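Peer 1: Residue numbers (UniProt numbering): 1 to 592.
Built from N, CA and C at the ideal position, the CB exists for glycine as well.
The structure displayed is predicted, hence computed values, not measured ones.
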Amino acid sequence: MPRTNAAPNGVDLGWQEPEEAYEPLITGLPNEELWKLIRRFDKQTYHVKSIPKVPRNNLDLEISNDEVFTPVKFKTHVERLYMTAVVGAFHLWKHLTRLRSWREWKRTSMCLAAYTIAWALDSLLAALLLLLVVLILFPSSREFLFPPVPPSMIDPSTAGVKKPSAGVLGSGDSLTGAPEKHPGEAVEQEAHSFVTSVITVGCRPDVQPRQMLTTCLLMKLAYKTANVRSVEQDKTKKPVAEAVFGEAATVSHHISLIADTYERFGNALSPTAPFPRRRPSVNLASCLLFIILMLQCLTGHTLLKSIGFLAGFGFFGDPLWKRTTRFLDWQLACSVCSDWRNRIDPRNTILYNVPTNAQLTLALLRLAEASHAPLPPAPSKREPPEFQVPPKAETGLGDTLGIDQGEVNRAMEPDPDKKAEAENQPRAHPTTKHRRVLNFVKGLSKGVVNSGLAADRAISHMGSEKAKFRAGVLRSGPTPRSGPDKFAARFEGKKGWVTVNTSTSTPTVSWSGDNGGPTWTMDISEISEIQKIGGLGWKTKIAVSWATEDEITDGILIKGTMGHEVHLTAMPSRDQLFNRLVAIGGQIWGEW
1 MPRTNAAPNG VDLGWQEPEE AYEPLITGLP NEELWKLIRR FDKQTYHVKS IPKVPRNNLD
61 LEISNDEVFT PVKFKTHVER LYMTAVVGAF HLWKHLTRLR SWREWKRTSM CLAAYTIAWA
121 LDSLLAALLL LLVVLILFPS SREFLFPPVP PSMIDPSTAG VKKPSAGVLG SGDSLTGAPE
181 KHPGEAVEQE AHSFVTSVIT VGCRPDVQPR QMLTTCLLMK LAYKTANVRS VEQDKTKKPV
241 AEAVFGEAAT VSHHISLIAD TYERFGNALS PTAPFPRRRP SVNLASCLLF IILMLQCLTG
301 HTLLKSIGFL AGFGFFGDPL WKRTTRFLDW QLACSVCSDW RNRIDPRNTI LYNVPTNAQL
361 TLALLRLAEA SHAPLPPAPS KREPPEFQVP PKAETGLGDT LGIDQGEVNR AMEPDPDKKA
421 EAENQPRAHP TTKHRRVLNF VKGLSKGVVN SGLAADRAIS HMGSEKAKFR AGVLRSGPTP
481 RSGPDKFAAR FEGKKGWVTV NTSTSTPTVS WSGDNGGPTW TMDISEISEI QKIGGLGWKT
541 KIAVSWATED EITDGILIKG TMGHEVHLTA MPSRDQLFNR LVAIGGQIWG EW
């Protein structure tokens, strides 16, 4: 539970200065872990709709099969995959490298002895599964059998120590060791840089990432202009584009499911209140123990024959499998097992009531709202982290790795060249023909943007809806103080404030202009859909942000059950309002 006393309209736990908030805000969960969950929830969750009933696993915020595909959402899913599966696989690879090197000879000797005994008893697979059972049921065994070491320090070829590629050991879980102000930020920035690098493959490597995206857009425009005649005659463009877009939506959905599954297993192994602590791990261990018992009842010959049969059936038995599933759908259509596919889904069996990180965050937000103490936002990245080893850096790694501690300390210390480069940012770039052209385009673009915004201000007074939505989209001044009950926002182009009122029996959300009373009020319980809306299109956003170097504020769309909808724009604290609205009402949300 949040550590606070209840108040009629909520307690401010540190919305203006989150770093000075109570510790811990949620009992049993460090604030840094809470900030990490909230940061990633803000980036991941864009669009929710109210659904009529709770899913079978008693957790809402499940990703819909009909989720809307957008390039921004696809980018977010790939970043999630990087932060979960890719980083996890990298950690596993470094652990295996350490074991194979014999540098930690005691640990490697124990593993070799266990392997030899299992091999002699023809029980290698059973021994591996038994190891997994021990790791699942006894969390303390994980650190004993696999002592944690920052993976960025491990040389993949020798398993010795090396200086992290970032030049300093500023974080313990990232692949580069980059500095961070709060745990998890380095991995998040790595994921962002990874996706940006993939998107901009083929562009000049000496261009900064922010300029790189804009350069690629200009290259794409030039390509289209140079090939306009051939494009008009090209009959493959439209079908290929439709096929790519359709497959991209499918790939994006499956990437999100993979990331969700990885997060569920992580939360099953390391659960967080208010979710059960023992039941998920017992369920997983029980399944593995059942397989171990089955293996003991089978001979090696029978096991190989069974594996061969299953492999053959999986390859050749597709028509039979489809007929069987259609028959079951027809036979069970009118029975209590009509949803038999959902009943056998791992989310509803071995992972029953095990949340993803987004579902866990939503549960914590609801827990705080029930205590009239809304959780403050995660601290913002106002200044870059210092290029140095953090005070809480791990010590004694030399004994763990079987290496002299002095060598470890030298690897952890900042690289002088990279430190000087980081402290002198932004550095002066040499004047080249490419850069002169880029600066000219940037200045020209900034003038066009400013002229367009000035025209929007004039047109908005004449009633143009599109111009009203773009009013105030660029913000260069300080962020207005917002939360926990009032949030700066524009409605129909007018400046005002959104107010969340929980002091009455029916919580409401309303908007009032700077010059008068409330323009509209809506019961939060009647909200049927909430969607984060970009202030500009994603391509325009990249170009405008690069040209003006100003922050682009986005908006939010709120729909009611009676068809009423409101579109709020120019919201610096959009994510915080979104989090409060999804947590206050009693709706069951689905993610679109």
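Have a look at glutamate 407 and histidine 182 and give me their C-alpha separation to the nearest angstrom.
Peer 2: When rounded, the distance between both Cα atoms is 27 Å.
Peer 1: Assign phenylalanine 265 to buried or exposed, taking buried as 16 or more other Cβ atoms, counted over all protein chains shown, within 10 Å of its Cβ.
Peer 2: Buried.
Peer 1: What is the DSSP secondary structure of threonine 250, reduced to helix, strand or coil?
Peer 2: Helix.
Peer 1: Quick one: grab the DSSP three-state call for aspartate 318.
Peer 2: If DSSP states are grouped into helix, strand and coil, aspartate 318 belongs with the helices.
Peer 1: I'd like to check one pair, leucine 29 with leucine 13: are the Cβ atoms closer than 9 Å?
Peer 2: Cβ atoms of leucine 13 and leucine 29: not closer than 9 Å.
Peer 1: Suppose you measure from the CA of valine 582 to the CA of arginine 279; what does that come to, to the nearest Å?
Peer 2: So the two alpha carbons sit approximately 28 Å from each other.
Peer 1: Measuring only the C-alpha atoms, how far is isoleucine 527 from isoleucine 584?
Peer 2: Answer to the nearest angstrom: the Cα atoms are 11 Å apart.
Peer 1: Cutting at 7 Å between CB atoms, please list the residues of its own chain near arginine 366, excluding the five before and the five after it.
Peer 2: Counting only Cβ-Cβ distances below 7 Å, and skipping sequence neighbours, we find Ala583.
Peer 1: Sort Ile258, Leu135, Phe69, Phe290 by Cα distance to methionine 83 and report the nearest one.
Peer 2: Among Ile258, Leu135, Phe69, Phe290, the Cα nearest to that of methionine 83 is on Ile258.
Peer 1: Nearest by alpha-carbon distance to alanine 127: which of Ala113, Gly172, Thr519, Pro139 is it?
Peer 2: Nearest of Ala113, Gly172, Thr519, Pro139 to alanine 127, Cα basis: Ala113.
Peer 1: Am I right that leucine 59 and glutamine 359 are in contact with their C-beta atoms under 8 Å? What's the rounded C-beta distance?
Peer 2: With 8 Å as the limit, leucine 59 and glutamine 359 qualify as a contact, their Cβ atoms being about 5 Å apart.
Peer 1: Going by C-alpha to C-alpha distance, which of Asn342, Lys495, Asp575 sits closest to residue 594?
Peer 2: In the structure displayed, the chain extends from 1 to 592; residue 594 sits before or after that span and is not available.
Peer 1: Taking C-alpha atoms, which residue in Glu20, Phe387, Arg39, Arg142 lies nearest to arginine 574?
Peer 2: Among Glu20, Phe387, Arg39, Arg142, the Cα nearest to that of arginine 574 belongs to Arg39.
Peer 1: Rounded to whole angstroms, what's the CA-CA distance from proline 355 to lysine 235? Just pull it up for me.
Peer 2: Their Cα atoms are separated by approximately 47 Å.
Peer 1: So, phenylalanine 487 versus valine 473, is the Cβ gap smaller than 9 Å?
Peer 2: The answer is no: Cβ separation not under 9 Å.
Peer 1: Under 8 Å, with one C-beta from each stretch per pair, do the stretch 241 to 256 and the stretch 318 to 328 reach the 3-pair mark?
Peer 2: Judged by Cβ distances under 8 Å, the stretch 241 to 256 makes no contact with the stretch 318 to 328, as fewer than three pairs qualify.
Peer 1: Helix, strand or coil for alanine 6, going by three-state DSSP, please let me know.
Peer 2: Residue confidence for alanine 6 is low, a pLDDT of 40 falling below 50, so the modelled location carries little weight and cannot support an answer.
Peer 1: I'd like the list of long-range same chain contacts for proline 319, defined as Cβ closer than 7 Å, with 5 residues on each side in sequence excluded.
Peer 2: Same-chain partners within the cutoff: there are none.
Peer 1: Nearest-angstrom Cα distance between arginine 560 and threonine 553?
Peer 2: Just to set this straight, residue 560 is glycine in the shown sequence, not arginine. For glycine 560 and threonine 553, the distance between alpha carbons rounds to 24 Å.
Peer 1: Specify the secondary structure class of aspartate 523 as computed by DSSP and reduced to three states.
Peer 2: Note: aspartate 523 maps to strand in three-state DSSP.
Peer 1: DSSP three-state call for glycine 160: helix, strand or coil?
Peer 2: Correct three-state label for glycine 160: coil.
Peer 1: Which residues in the same chain have their Cβ closer than 6 Å to the Cβ of isoleucine 588, if we skip the five residues on either side of it in sequence?
Peer 2: Closer than 6 Å at the Cβ level, and outside the excluded window around isoleucine 588, lie Ile51, Val54, Asp60.
Peer 1: Take the Cβ of lysine 301 as the centre, count every other Cβ of all protein chains shown within 10 Å, and call the residue buried at 16 or more, exposed below.
Peer 2: First, the residue type needs correcting, since residue 301 is histidine and not lysine in the sequence shown. The residue in question, histidine 301, is exposed, as its Cβ has fewer than 16 Cβ neighbours within 10 Å.
Peer 1: So the candidates are Pro150, His91, Pro377; which of them puts its Cα closest to the Cα of aspartate 485?
Peer 2: Comparing Cα positions, the closest option is Pro377.
Peer 1: If you compare alpha carbons, which of Asn65, Trp105, Glu421 is closest to aspartate 399?
Peer 2: Looking at the Cα atoms, Trp105 is the closest of the given residues.
Peer 1: Which residue spans inside the stretch 58 to 87 form an unbroken beta strand (DSSP E) run of at least 3?
Peer 2: As far as the stretch 58 to 87 is concerned, it has no whole beta strand (DSSP E) run of at least 3 residues.
Peer 1: When you compare the CB positions of leucine 135 and alanine 268, do they come within less than 9 Å of one another, or not?
Peer 2: For leucine 135 and alanine 268, no; Cβs fall outside 9 Å.
Peer 1: Could you give the residue range of the beta strand (DSSP E) that holds threonine 108?
Peer 2: Note, threonine 108: premise wrong, no beta strand (DSSP E); alpha helix (DSSP H) at 105 to 120.
Peer 1: Grouping DSSP H, G and I as helix and E and B as strand, with all else coil, what is glutamate 386?
Peer 2: Correct three-state label for glutamate 386: coil.
Peer 1: Please work out which residues of its chain come closer than 6 Å, Cβ to Cβ, to residue 594, disregarding the five sequence neighbours upstream and downstream, and give them in chain order.
Peer 2: Only positions 1 to 592 of the chain appear in the structure, and residue 594 is not among them; the question remains open.
Peer 1: Taking the alpha-carbon positions, what's the glycine 160 to glutamate 369 distance?
Peer 2: About 49 Å.
Peer 1: Candidates Asn501, Arg580, Leu375, Ala411: which alpha carbon is nearest glutamate 17's?
Peer 2: The candidate whose alpha carbon is nearest that of glutamate 17 is Leu375.
Peer 1: Whole angstroms is fine: what's the gap from alanine 428's alpha carbon to lysine 419's?
Peer 2: Here alanine 428 scores only 48 on pLDDT, less than 50, and its place in the model should not be relied on; the value that follows carries that caveat. The alpha-carbon atoms of alanine 428 and lysine 419 are separated by roughly 16 Å.
Peer 1: For the beta strand (DSSP E) that valine 498 lies in, which residues bound it at each end?
Peer 2: Note, valine 498: beta strand (DSSP E), 494 to 501.
Peer 1: Once DSSP output is grouped into helix, strand and coil, what is the label at alanine 126?
Peer 2: Correct three-state label for alanine 126: helix.
Peer 1: Using only alpha-carbon positions, find the residue among Val149, Trp340, Met412, Glu591 that is nearest to threonine 97.
Peer 2: Among Val149, Trp340, Met412, Glu591, the Cα nearest to that of threonine 97 is on Val149.
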